[in-house]
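So the structure is just underneath, and the comments pick up after that.
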Amino acid sequence: MSNRLDRANSELQKCLTEIIQHKMNDPRLDKVISITEVDVSKDFRYCKVKISVLDPKDIEGVTKVLQKSEGFIKRELKEMVDMPFMPKFNFVVDKKSLEILIFLRRLTTMNSADVKKIITSAKKAAIFGHTSPDMDCYGSLFAAKYLCEKLGVEAHIFGINTEHSFMDQIFDYKAIESDFSPESFDLVILVDCNKISRIDEVFAEKVKTCNNILVLDHHSLQSKEENVQYFVDENICSASMLIGNIIRELKIPLNDTVAAYMFTGVVGDTGRFCHTNTDSSVFEFASYLLKYNVDIQTIYDHIYRSKSMGQIKIQKFMLNHFKVVKDHYCYVVISLKDLNRLGGYTEDVKMFFDDLRDVKDFYMAFFCYEVEKGKYLVSCRSRAGHDVCVIATKFGGGGHKCASGFTLYGNKGAIKKQIRKICEEIEE
Ligand SMILES: [Mn+2]
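Heads up: the sequence shown begins at 29 in the numbering used here, then just goes up one per residue.
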C-alpha cells in the first residue's frame, strides 16, 4: 500500500473515532469500543470502516446508526481532513474482534446448565439477598428457593425480618429464617447482589467462611471474590427475571405463587415497566408469568394503593425537608426519631423515592434514612444519563446506573454534612 493511502487511513481512523465518540449523541453508539481498521480504496472513492462492539447483539444497531449518519459524518470529516472529495463509507463489524469477544465470554460466563450443575451437586443451599431487601430481592429469593427445590435440593432463605413492610402482604415472610449456621450448608446462593458485603452484616461474616458460593444477579460486577461463581447479566431488568429465565431454560414448570413473586420483582425493579431497563424481553417475560394465575390488581393494591397515614406523613416530611445542591442534586435525611414521630417505618421511606427523582431539574436524589442508631442507608436515584452507581461504589456500595445505595455512619447532623459534601463534589 502506498504511503499516501496509509496516511489517509490513519488520518481517517483518528477523525472518525473523534466524531463517533464526541460529536454523535446517539446512545446506541456507546456500544462501539473502537474503530479497528480503515481501508480506503486506491481511487479514494470507497472506504471500509471496521468497528468493534462490546456485545454481539449490538452489531446491527450500531452499523445502522453509522450508515444512516453517513452524511453527517462526511460533513464533519470535511472540516477535519484535507481530501479532494469524500469516499463512500461502508461500516462493518470487525469479525476478528467479535470472535475474540465471544470466546472470552464463553470463558467467563456460565449458562443455565452450569447453574443446574452447581445446585444439584449440593445437598442443602442457603439463600441470601442484599441488605434492606426490595421487591426484586424477595422475588428472586423465592425464585431461587423454588429452583433448588425443583432440582431436588433442600433450600432455606435467610434474612432479617423486616416488620410492617407492605411487602409482607405479598411474600411469605414465615419462610424466611434468621438463624444461620454455615456448617449445615454446602452451598450459599446470593441473589440480587454480587458482593458478600452487600448482604446483612449479621450473615456476611459467616457467609465469608463458606467455600461454595453462587451469585445470581443483574447488578454490575465490580470485582470478583474467591470461592464465588458468578452468573451475572447486567442486561436483565431484575434478578427475578434472571432466575426465571434459568427456570424456563431448564424447562421447569412454575406455580402460581412463584410466578406472582417474580412478577412483583419485575414490577419493582422496572418501576411498573417504566425505567430504562424495560424492553421487549421484559414484556415477553411478564406475559410468560401471566400465563399462570397472577392477580395483578391485588399485587398493585398492596404495593401502590395501601398507603398508611404514617407513610403519607413520611412523604410530607420528605417534601418539606429536601435540600438542593448546585440546582441539580437533592438529598433528604430521615432519622429513626423522625420515623417514630411520624408513625412510619424504615420500609415506608422507599415508597417515595420517585417523588424527588422525577423533578425535572434534578439529576440525582439521595435518600438517607437511619436503620439503626447512627447507621444511615443512602438510596440514590438518578435520571437516565447520570450514573449514580459510580458514587455509590466510591462509598463502598453498589447497584445500577439509575438506582444504587451505600451506607453512612454518624448522627443526623453529621450525615447531613457528609451527604451535602458528596453532592457538592459531584463532577458534571
Ligand atoms: Mn434487583
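Quick reminder that beta carbons are idealized off the backbone N, C-alpha and C, glycines included. Predicted model only: the values in this text are computed from it and were never measured.
- When DSSP states are grouped into helix, strand and coil, residue 412 belongs to the coil group.
- Under the DSSP assignment, residue 313 falls in the alpha helix (DSSP H) whose first and last residues are 308-317.
- Between the segment 364-376 and the segment 420-430 there are fewer than three C-beta pairs closer than 8 Å, too few to call the two in contact.
- Where residue 237 is concerned, there is no enclosing beta strand (DSSP E), because DSSP gives it neither an H nor an E.
- Look at residue 196: its beta carbon is at least 7 Å from all of the heavy atoms in ligand 1.
- With respect to the 8 Å criterion, residue 146 and residue 185 are not classified as neighbours on the basis of their beta carbons.
- Under the DSSP assignment, residue 76 falls in the beta strand (DSSP E) whose first and last residues are 74-81.
- Residue nearest to residue 367 within the set 380, 353, 358, 397 is 397 (criterion: CA-CA distance).
- In the displayed model, residue 258 falls within a strand according to three-state DSSP.
- A direct Cα-Cα distance of roughly 26 Å separates residue 259 from residue 318.
- Note on geometry: alpha-carbon atoms of residue 205 and residue 332 lie some 27 Å from one another.
- When secondary structure is reduced to three states using DSSP, residue 159 falls in the coil class, being assigned neither helix nor strand.
- Excluding the 5 residues flanking it on each side, residue 180 has same chain C-beta neighbours closer than 8 Å at 148, in chain order.
- Contact between residue 158 and residue 221 is confirmed by a C-beta separation of about 4 Å, below the 8 Å threshold.
- A distance of 8 Å or more separates the beta carbons of residue 218 and residue 150.
- In the pairwise beta carbon analysis, the segment 64-72 is classified as not touching the segment 88-97: fewer than three pairs are separated by under 8 Å.
- Taking C-alpha positions only, residue 390 is separated from residue 384 by approximately 8 Å.
- At least one heavy atom of ligand 1 is found less than 7 Å from the C-beta of residue 266.
- Exposed is the label assigned to residue 128, since fewer than 16 other Cβ atoms lie within 10 Å of its Cβ.
- As the crow flies, the alpha-carbon of residue 418 is around 26 Å from that of residue 271.
- With at least 16 other beta carbons inside 10 angstroms of its own, residue 339 counts as buried.
- Secondary structure note for residue 141: its alpha helix (DSSP H) is the uninterrupted segment 140-148.
- Exposed is the label assigned to residue 311, since fewer than 16 other Cβ atoms lie within 10 Å of its Cβ.
- Here DSSP, grouped into helix, strand and coil, assigns residue 184 to strand.
- In this structure the segment 195-211 does not touch the segment 398-418; the number of beta carbon pairs closer than 8 Å is below three.
- Secondary structure of residue 196 (DSSP, three-state): helix.
- Selection 89, 326, 114, 90 evaluated against residue 101 yields 114 as nearest (Cα-Cα).
- Using a 10 angstroms sphere on the CB of residue 246, the tally of other CB atoms reaches 16 or more, which defines it as buried.
- In terms of Cα proximity to residue 320, the closest of 308, 306, 290 is 290.
- Between residue 168 and residue 267, the gap from beta carbon to beta carbon is short of 8 Å.
- Taking all protein chains shown into account, residue 347 has fewer than 16 neighbouring C-beta atoms within 10 Å of its C-beta and is therefore exposed.
- Runs of the beta strand (DSSP E) spanning 3 or more residues and lying entirely within the segment 41-71 occur at 60-68, in chain order.
- Beyond the five residues adjoining it in sequence on each side, residue 123 comes within less than 7 Å, by CB distance, of no other residue in the same chain.
- Within the segment 194-230, the complete beta strand (DSSP E) runs of at least 3 residues fall at 215-219.
- Here DSSP, grouped into helix, strand and coil, assigns residue 273 to helix.
- Residue 139 and residue 415 have their alpha carbons spaced roughly 29 Å apart.
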